[in-house]
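Residue numbers for the sequence shown follow my numbering, beginning at 6 and rising by one. Backbone N, C-alpha and C fix where the C-beta goes; we use that ideal spot for every residue, glycine too. Before any comments, here is the structure.
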Amino acid sequence: MKIIIVGAGDVGFHLAKLLSFESQDIYLIDMDAEKLEYASSHIDVITKKGDATSVKLLKEIGIDKADIFLAVTESQNTNFTLSVIAKKLGATKTIARISSHEFTQNNEIDFTELGVDFMISPGQLAAEEIKMLLHQSAFNDTIEFEDGTLNILGSTLEYNSPLIGLTVEEARHKFSDVEFITIAIKPENGNETIIPRGNTKYNAFDQVYFSIPENSIKKLYKLMGKTPYGVKDVMILGGSKIGVKAARNLCDGNFNTKLIEINKERAKEIAEKLPNALIIKGDGRNVELLEEENISEMDAFIAVTGNSETNIMTCLVAKSKGVKKTIALVENMDYINISQTIGIDTLINKKLLAASAIFKHVRKGDVLKLANLHNIDAEVLEFNVKKDSAVTKNLIKDIKLTKKAVFAGVIRDGIALMTFGDFQILVGDKAVVFCLPEAIYNVEKLFN
């Protein structure tokens, strides 16, 4: 498969990295020689310096043979234009990174007729992610499959968790009334992601990820040593596009929403757009202002300004004032893995969300959904199990699955089932697999 990616920023680089674990022909185009040099020294891609809007350049790298063309530069207009040009020159599928809500929610124009097959909005993805995280308030990572029939939930083990000191196998038997699979553990102050085996032991303050049916979630709180709480009052810092989209989503979900914006004109504009939210003009870095606006009475604090450090620091202030749930938007992908150690519940990165959303369209096989976890470098994939695929030939315990992946469950006839050793995956099941990026290719082969 030949894939051309335009834009060697965080989105383009992460996509290229995910795809480079396979034997793909990947071309990465950018005007920035330094970004291309970094990419070529870290991943197996062919780099090309130049302006991708040049028809001559696109023909030189064989655009007419491209199976997928991905335009993921910082410029929406450039991405849209590139996709149209690429389609006209023979690219089979085009995907554009778009920021405008008008484009992604437009039902009047068929953009495929113009040459853009799919559009991905990082801001919209981030706003939707924020709303979902608030619905599972005690967890710092959450992914839903089939409207919550099966869930991936992540959080730290509190010191009073009854799991502490037990092995995964011991916990499964001791708490047999709770349906769950432990799919990953990230030790406190550690960077390594452990795919647990039966003898893996739980420790206090580990970041643990579970696969669990909807009807067992309430029981999971006790195992985590946590008390469930509802989120009703939410404060958002930053009137960016993501801040406004998140506030609109929360107002629609009947959350009491306050939004703080430092720019007077922008605050006035937002107030007109969001009549159900309380818009405050002020500097959210000012602790006195936060206290005046009763930050200590908030259930959740969401920082989505354009400055990652501001977002992190204000979330830490919110935590110190007793806010239970904090979410910070960060631009720097290197920050993603530190939320567990610094005390913020979740750090989200819109570029990482966009890369995962685009990646789903690139996959072979019947990938129904692909999502990333925020606190670790890993992916969760949902497959439609086809006839004659390798996963249907043996029981789970006899399938040769790489140690860098684990089956997280299946959905069969609308019911979530846990995939323990004696389980048999059947044709028509929707199977969920957790895996490290380098294992994706091997996992896919089992479903093709």
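Taking the CB atoms as reference points, tell me whether residue i and residue j lie closer together than 8 Å.
i, j, result
"Ile416", "Lys391", "no"
"Leu23", "Ile8", "no"
"Val396", "Ile430", "yes"
"Val50", "Ala44", "yes"
"Lys64", "Leu94", "yes"
"Thr99", "Ser88", "yes"
"Lys53", "Ile66", "yes"
"Thr172", "Lys224", "no"
"Phe144", "Leu158", "yes"
"Ala276", "His19", "no"
"Thr198", "Ile332", "no"
"Glu175", "Met229", "no"
"Ala362", "Leu130", "yes"
How is the alpha helix (DSSP H) around residue i delimited, first residue to last?
i, result
"Phe364", "Lys355 to Val367"
"Gly128", "Pro127 to His140"
"Lys191", "Not the alpha helix (DSSP H): Lys191 falls in the beta strand (DSSP E), residues Ile186 to Lys191."
"Thr117", "Phe116 to Leu119"
"Thr99", "It is not in any alpha helix (DSSP H) - Thr99 instead sits in the beta strand (DSSP E) that spans Lys98 to Arg102."
"Ile317", "Ser313 to Ser325"
"Lys450", "Ile445 to Phe452"
"Phe18", "Asp15 to Leu24"
"Lys7", "First-last for Lys7: Lys7 to Val11, but that is the beta strand (DSSP E), not the alpha helix (DSSP H)."
"Arg202", "Where Arg202 is concerned, there is no enclosing alpha helix (DSSP H), given that its DSSP letter is neither H nor E."
Quick check on DSSP: helix, strand or coil for residue i?
i, result
"Gly248", "helix"
"Tyr164", "coil"
"Ala376", "strand"
"Ala57", "coil"
"Arg253", "helix"
"Glu336", "coil"
"Met240", "strand"
"Glu107", "helix"
"Glu174", "helix"
"Val396", "helix"
"Thr147", "strand"
"Lys40", "helix"
"Thr83", "helix"
"Lys405", "coil"
"Met124", "strand"
"Ala308", "strand"
"Leu225", "helix"
Given that a residue counts as buried once 16 or more other Cβ atoms are within 10 Å of its Cβ, and exposed if not, what is residue i?
i, result
"Thr117", "exposed"
"Gly348", "exposed"
"Gln141", "buried"
"His47", "exposed"
"Thr232", "exposed"
"Asp182", "exposed"
"Asn299", "exposed"
"Gly243", "buried"
"Tyr214", "buried"
"Asn220", "exposed"
"Val292", "exposed"
"Glu184", "buried"
Which residues bound the beta strand (DSSP E) around residue i?
i, result
"Gln212", "Gln212 to Pro218"
"Leu283", "Leu283 to Lys286"
"Glu387", "Glu384 to Asn389"
"Lys263", "Asn261 to Glu266"
"Leu33", "Asp30 to Asp35"
"Arg417", "Ala410 to Arg417"
"Leu422", "Ile420 to Leu422"
"Lys435", "Lys435 to Cys440"
"Phe74", "Ile73 to Ala76"
"Ile68", "Unbroken run through Ile68: none, as it is neither H nor E."
Quick check: the Cα distance between residue i and residue j, rounded to an integer number of angstroms?
i, j, result
"Lys250", "Gly203", "43 Å"
"Thr351", "Leu406", "30 Å"
"Gly287", "Glu39", "39 Å"
"Leu441", "Ala410", "6 Å"
"Asp238", "Asp304", "5 Å"
"Ala21", "Val60", "22 Å"
"Gly120", "Thr109", "15 Å"
"Ile135", "Ala209", "27 Å"
"Ser160", "Ser325", "19 Å"
"Gly414", "Lys402", "13 Å"
"Thr2", "Tyr226", "Since the displayed the chain opens at 6 and closes at 453, residue 2 lies outside it and no answer follows."
"Gly14", "Lys356", "9 Å"
"Asp152", "Asp30", "36 Å"
"Glu387", "Glu297", "46 Å"
"Ala71", "Ile103", "21 Å"
"Ala101", "Leu138", "26 Å"
"Asp257", "Ile404", "45 Å"
"Gly12", "Pro167", "48 Å"
"Leu62", "Glu133", "37 Å"
Return no unless some Cβ of chain C is closer than 8 Å to the Cβ of residue i.
i, result
"Asp15", "In the structure shown, chain C does not exist; there is a single protein chain."
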